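Undergrad:
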Amino acid sequence: MAEECARLVAEGSADLAVPMLRKAVDRITRALMYLDDSSGIIGDDLQELMDLYAKACAAALPNPVSLTGWLVKLECDGPGWPRVRLADFAPALGKRGIAEVERLVAERARVADPWTAGFAVRDLREQLAEVSGDVDRYVAVLAEHLTNAVQYQRIAEVLHAAGRRDEAIGWARRGVAANPGSPYTDRLRDLLVSMLLAADDTWVLCWSGGRSSAGIPPLPNTDR
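Here the sequence shown is numbered in the working numbering, starting from 98 and rising by one per residue.
#1: Residue ranges of each alpha helix (DSSP H) run of no fewer than 4 residues wholly in the region 176-247, ordered along the chain?
#2: Rounding to the nearest angstrom, what Cα-Cα distance links Asp287 and Ala99 in this structure?
#3: Considering Cα atoms alone, identify which of Pro280, Gly194, Glu241 and Leu158 is closest to Asp220.
#4: Using only CA atoms, which one of Ile138, Met130, Tyr150 and Ile139 lies nearest to Arg104?
#5: Run through DSSP, which three-state label would Ala296 get?
#6: Anyone know if the C-beta pair for Ala398 and Asp112 falls short of 8 Å?
#7: Would you mind sorting Ile266 into buried or exposed? The rule is 16 or more other CB atoms within 10 Å of its CB.
#8: Give the C-beta separation of Ile139 and Leu129 to the nearest angstrom, bearing in mind that I take them to be a contact with Cβ-Cβ under 8 Å.
#9: For Met98, which of helix, strand or coil comes out of DSSP?
#10: Between which two residues does the alpha helix (DSSP H) holding Asp141 run?
#11: Alpha carbons only, please: which of Arg234, Glu227, Val202 and Val228 is nearest the one belonging to Phe216?
#12: Could you check if Glu145 is buried or exposed, using at least 16 other CB atoms within 10 Å of its CB as the buried criterion?
#13: What does the Cβ neighbour count give for Gly194, buried or exposed, with the cut at 16 atoms within 10 Å?
This is how it looks when you write it as structure tokens:
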């Protein structure tokens, strides 16, 4: 079925593939709640269908309000799969659809159970900020949930990609300092080192105590 739908999209008949793919995603999502998918094979196939559905929607441009309602319901009321990527659906949603996502997410945020739908609401808010293209807004939303090094890394990467290197370095430093024992800190530390090296700020990697002010091992002594 996936191959047939991919062919329809490629041939310019995405409007025929859209309802087939949506029905398939719904059915497999429900079935996965009762199946053992420890291998992850079915889940991977489901995500591929979801990605193809996003591509078909971008070509066929279905009703954005209907699409929005389905996406938000899947994310907030579903089992956690497939992954809803608003960036993939943004071409199909357009300004009208994105505005509707904003409205529905704000509505969900007012009544969301923090132990169930709370994560989904936060994820959608972060994605909305990302697709808005407003870097400051995206950073502000990410900064609302600084529970681990991963979140600091995301902020640092966003700022670095926007050419705001000094701010990115500052956030990376904060993240390393706030999460010294986290298994996720190594990647953040690597990012910090790469940014400092690119900025030719290698001298700040060490300080008088022989330890790094950013949690980075001191540079080797090459004078011996």
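Note that the Cβ used here is the ideal one computed from N, Cα and C, for glycine as well.
Computed from a prediction, not measured in an experiment: that's the story for all the values here.
TA: If we stick to the structure as given:
#1: 183-208, 215-229 and 232-239
#2: 40 Å
#3: Glu241
#4: Tyr150
#5: coil
#6: Residue 398 cannot be examined here, being either before or after the span of the chain that is shown, 98 to 321.
#7: buried
#8: 6 Å
#9: coil
#10: Ile138 to Ala157
#11: Val202
#12: exposed
#13: buried
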